[in-house]
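So for the sequence shown, our numbering puts the first residue at 776; every next one is plus one.
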Amino acid sequence: MSVGTAPAQRPPARDAAVGSGPGSTRLGPRLLALAAVVVVIGALVMSLPGLEDVRSAFRDVRPGWLGATVALELASCLSYVVAFRPTFCRSLRWGLSSRIGFAEQGTNVLVPTGGAGGLALGAWALRRAGMSTERIARRSVAFFVLTSGVNFVTAILVGVALATGILPTDRGLVYTLGPAAAAAVVLGVVVVLGRVLPHQDEAGSGPSSGRLRRLASKGGGALGDGFRDAGRLILSRSPALLLGAIGYMAFDAAALWAAFQALGGSPDGATFMLAYVLGQLGGLIPVPGGLGGTDGGLIGALVLYGTPAAGATAAVLGYRLFQLAIPAIFGTLALVSLRKDPGVISGPCD
776 MSVGTAPAQR PPARDAAVGS GPGSTRLGPR LLALAAVVVV IGALVMSLPG LEDVRSAFRD
836 VRPGWLGATV ALELASCLSY VVAFRPTFCR SLRWGLSSRI GFAEQGTNVL VPTGGAGGLA
896 LGAWALRRAG MSTERIARRS VAFFVLTSGV NFVTAILVGV ALATGILPTD RGLVYTLGPA
956 AAAAVVLGVV VVLGRVLPHQ DEAGSGPSSG RLRRLASKGG GALGDGFRDA GRLILSRSPA
1016 LLLGAIGYMA FDAAALWAAF QALGGSPDGA TFMLAYVLGQ LGGLIPVPGG LGGTDGGLIG
1076 ALVLYGTPAA GATAAVLGYR LFQLAIPAIF GTLALVSLRK DPGVISGPCD
């Protein structure tokens, strides 16, 4: 196991190997650009013909439920931070863990890399704090598996419950058992790869290996170690890790539900979670904040599973305003703090 270094061994903050952070000097303009895009979308919704029902929902908004949407979205962001620390290193101080966690989420909103930007930002910050590159690589994979895996497990559980009649629905097996089976296949592939891929310290070690082959082998080794670490972390039953990973998704889904209540919508309760996890796949499209991808995916999935289009559009747009704004604002502040004070890992990482 790699360990965090002592404070005296921390790499210099301006070391060329770690730089000043991926895209760190451009997040301010990106924040302004994202705000401008949100304003433009809002103006279009309020002016384009054919959207009268959507505009009516915003005029009749319920402030209490809107406040609940904000609180639940903030709880989702905090859950990400809670899961981050036990995944990477229990010796991380909560302050440093919080700054890195929020900076990752902010980067995912502002940088069009389909979620990879946040992982790169976290790797930069952890390297500056003294964590080994090998540990960062495999634990980044593990963290992605753990936070994304909750969505796939939810798809399996809800899909099976709908297909077997435990939850009522008028949708056929294609819409219920189909997503569950696809999610099970994805998780099965992860388990298999965790068994067959080499370890990082074994990959690309042959003397006859070319550079590209060694790099590919090292990448496969990082994936394999990350998948195996994810399994070990799950078996460790860390309350912070499990509650954080589940809360990251659950509070976000609850924020969307609260947005429906705020704007007078009524999603189909039995299929809501299945529509939610399927709609979130649109966020993998590499555009800032998943604009267009996540929104379109969620609206399309909700309508597919029986939610009226006007209610789904209003609720998703209201929810997305806070889903983008909260991590963007807190993430930018966290990144500024990290650049000024990168922090240090205070002890060994178990």
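Note that beta-carbon positions come from the ideal geometry of N, C-alpha and C, so glycine has one too.
Remember, it's a predicted structure, so these values are computed and weren't measured experimentally.
{"Asked": "Apart from the five residues on each side of it in sequence, which residues of its chain come closer than 7 angstroms, Cβ to Cβ, to isoleucine 931?", "Found": "Ala955, Ala958, Ala959"}
{"Asked": "Between glycine 876 and the ligand SAM, is the CB less than 7 angstroms from at least one heavy atom?", "Found": "As for the ligand SAM, it is missing from this structure, which has no ligand bound."}
{"Asked": "Distance, Cα to Cα, serine 1013 vs valine 829?", "Found": "43 angstroms"}
{"Asked": "Once DSSP output is grouped into helix, strand and coil, what is the label at methionine 906?", "Found": "coil"}
{"Asked": "Which same chain residues end up closer than 6 angstroms to arginine 874 when comparing Cβ atoms and leaving out the 5 residues on each side of it in sequence?", "Found": "Ala1109, Ser1112, Leu1113"}
{"Asked": "Once DSSP output is grouped into helix, strand and coil, what is the label at isoleucine 1120?", "Found": "coil"}
{"Asked": "Out of curiosity, what's the CA-to-CA distance linking serine 799 and glutamine 880?", "Found": "Note on serine 799: pLDDT 49, under 50, position unreliable in the model; the coordinate value appears next. Cα-Cα distance, rounded: 13 angstroms."}
{"Asked": "Among the residues of its own chain, which have a CB less than 8 angstroms from the CB of alanine 1045, if the five just before and after it don't count?", "Found": "Leu937, Leu942, Pro943, Thr944"}
{"Asked": "In chain order, what residues of the same chain lie with their CB nearer than 6 angstroms to the CB of alanine 900, ignoring the 5 residues before and after it?", "Found": "Ile875, Leu1113"}
{"Asked": "Spatial neighbours of threonine 951 within its chain, please: C-beta separation below 7 angstroms, excluding the five flanking residues on both sides.", "Found": "Gly934, Leu937, Ala938, Thr944"}
{"Asked": "Tell me the start and end of each unbroken alpha helix (DSSP H) in the segment 884-951 that is at least 4 residues and wholly inside, in chain order.", "Found": "891-904, 908-938"}
{"Asked": "I need the boundaries of the alpha helix (DSSP H) containing aspartate 1070, first residue and last residue.", "Found": "1068-1079"}
{"Asked": "If you follow the alpha helix (DSSP H) that proline 838 is in, where does it begin and where does it stop?", "Found": "838-863"}
{"Asked": "Do you know offhand how far lysine 1115's Cα is from alanine 1100's?", "Found": "23 angstroms"}
{"Asked": "So the candidates are Val1119, Thr1088, Tyr1080; which of them puts its Cα closest to the Cα of leucine 948?", "Found": "Tyr1080"}
{"Asked": "Is aspartate 1027 helix, strand or coil by DSSP?", "Found": "helix"}
{"Asked": "Could you spell out the range, first to last residue, of the alpha helix (DSSP H) harbouring glycine 1054?", "Found": "1047-1054"}
{"Asked": "Within its chain, find whatever has a CB closer than 6 angstroms to the CB of glycine 1118; leave out the 5 residues flanking it on each side and keep chain order.", "Found": "Leu871, Ala904"}
{"Asked": "Is it the case that the segment 1014-1026 contacts the segment 839-852, given that we only count it when at least three CB pairs across the two stretches are under 8 angstroms?", "Found": "yes"}
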